[in-house]
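Chemist: Before anything else, here's the structure in question.
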Amino acid sequence: MFVISNNSRKEIIKAQKEINIMVQLILSLREENTSLKNQLNHVLLEVAKLTKAENAVEETQS
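Residue 1 is where the sequence shown starts when you use UniProt numbering, and the numbers rise one by one after that.
Take a look at the structure:
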């Protein structure tokens, strides 16, 4: 059985809190990344629609 001193316990608790903060940050960044990917996909879809419409107009004018 291991004996953990009070100082070690405090260090472990401090490290656990820091790890928890890092995990929360990673999860937040993952959500933000997903949101940005979705926004980018939406913009790319709109660009594709506009390009298709522009090409159709050019074909009818030529």
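For each residue, glycine too, the CB sits at the ideal point set by N, CA and C.
Owing to the predicted nature of the structure, the values given are computational and were not obtained by experimental measurement.
Please report the distance separating the alpha-carbon of Asn-20 from that of Asn-33.
Modeler: Translated into the one-based positions of the sequence shown, residue 20 becomes position 20. Translated into the one-based positions of the sequence shown, residue 33 becomes position 33. When rounded, the distance between both Cα atoms is 20 Å.
Chemist: Does Ile-4 come out as helix, strand or coil in the three-state DSSP assignment?
Modeler: Within the sequence shown, residue 4 is the residue found at index 4, counting from 1. It is coil, neither helix nor strand.
Chemist: Return helix, strand or coil for Ser-28, following the three-state DSSP convention.
Modeler: Here residue 28 corresponds to residue number 28 of the sequence shown, with the count starting at 1. In this structure, Ser-28 counts as helix in the three-state DSSP scheme.
Chemist: Rounded to whole angstroms, what is the Cα-Cα separation between Leu-4 and Ile-26?
Modeler: Mapped onto the sequence shown, residue 4 falls at position 4. Mapped onto the sequence shown, residue 26 falls at position 26. The sequence shown places Ile at residue 4, not Leu. Roughly 30 Å separates the two Cα atoms.
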